[in-house]
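*Asks:*
Residue numbers (our numbering): 1052 to 1294.
1. Leaving aside the five residues before and after residue 1144 along the sequence, list all residues of the same chain whose C-beta is less than 7 Å from its C-beta, in chain order.
2. Use the C-beta contact count for residue 1230: other C-beta atoms within 10 angstroms, 16 or more gives buried, fewer gives exposed.
3. Kindly give me the distance between the Cβ atoms of residue 1125 and residue 1172, rounded to whole angstroms, as I take these residues to be in contact under 8 Å.
4. When the Cβ atoms of the stretch 1244-1260 are set against those of the stretch 1216-1231, are three or more pairs found closer than 8 Å?
5. Is residue 1114 near residue 1147, with beta carbons less than 9 Å apart?
6. Look at residue 1127 and residue 1102 and say whether their C-beta atoms are less than 9 Å apart.
7. Taking the alpha helix (DSSP H) that residue 1126 falls in, what are its first and last residues?
8. Can you name the start and end residues of the alpha helix (DSSP H) that residue 1106 belongs to?
9. Out of 1159, 1112 and 1116, state which residue places its alpha-carbon closest to the alpha-carbon of residue 1091.
10. Please go through the same chain and pick out, in chain order, the residues whose beta-carbon is closer than 7 Å to the beta-carbon of residue 1253, but skip the five residues on each side of it.
11. Taking the C-alpha atoms as reference points, what is the distance between residue 1290 and residue 1237?
12. Quick one: what does DSSP say residue 1091 is sitting in, helix, strand or coil?
13. Write down the C-beta distance between residue 1198 and residue 1170 rounded to the nearest angstrom, noting that I regard them as a contact closer than 8 Å.
14. Could you name the residues of the same chain whose beta carbon sits closer than 7 Å to that of residue 1133, not counting the 5 residues immediately before and after it, in chain order?
15. Give the range of the beta strand (DSSP E) segment to which residue 1150 is assigned.
16. Jot down the residue ranges of each uninterrupted beta strand (DSSP E) in the stretch 1208-1288, minimum 3 residues, whole runs only, in chain order.
17. Name the two residues that bound the continuous alpha helix (DSSP H) containing residue 1163.
18. Thinking C-alpha only, which one of 1240, 1212 and 1118 is nearest residue 1087?
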């Protein structure tokens, strides 16, 4: 289902980038009520797309700051590596908010889910259930349900659970004294000297600064246990906490 069939007004084009090569195609940007929809061509190599993304993000003033983005891959088959690089090197490094990924290809949908990303057309209520605060440490005595998002300019301590489909994002450190199944992103401001703590870790993916973890699962020895995650030598390091 396209955006104008899901309760959103019709989208309008706000820019694009011409792909080079024999089979020329465009990465198209369209404005929508939730922010920006980036539509990828079904032809062209992933290396070519990455080169074009580099130029597009450096030249387009709309691809930065407090903006939500939906990635529409149409019927294109996209690798997990490409999705991770697109998010970590372009979307998150420009402080944009990834809302969801859309694909008609089953393998690409699986890759999006394995990375822990939302899939499908964004629902209108998802753009409304957001809290954004700033200053000092934020203490929350409640759990976050799917579709809820908390963003804070500082440290966040949550006494409760972050359920699958929920997000907790902070420029500082994050401490979840409960089960972490949703998205946690510490160091939104790009700083990598941040810490992420979870009382029961079951998240498919975590982020510190612009660094995103590979797909995580129950085969990890610390899965379902208390952990502390830090950045060391440009790599995410997970240690089990003895509480």
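A virtual CB, placed ideally from N, CA and C, is assigned to each residue, including glycine.
*Replies:* So, from the listed chains and residues:
1. 1261
2. buried
3. The pair is not a contact, with the Cβ atoms about 13 Å apart (cut-off 8 Å).
4. yes
5. yes
6. no
7. No alpha helix (DSSP H) holds residue 1126; DSSP gives it neither H nor E.
8. 1097-1110
9. 1159
10. Hits under 7 Å: 1230, 1231, 1232, 1274 and 1275.
11. 16 Å
12. coil
13. Residue 1198 to residue 1170, Cβ: 14 Å. No contact.
14. 1097
15. 1148-1153
16. Entirely contained in the stretch 1208-1288, the beta strand (DSSP E) runs reaching 3 residues are, in chain order, 1218-1221, 1225-1231, 1234-1237, 1247-1252, 1257-1259 and 1278-1283.
17. Per DSSP, residue 1163 is one residue of the alpha helix (DSSP H) stretching across 1157-1166.
18. 1118
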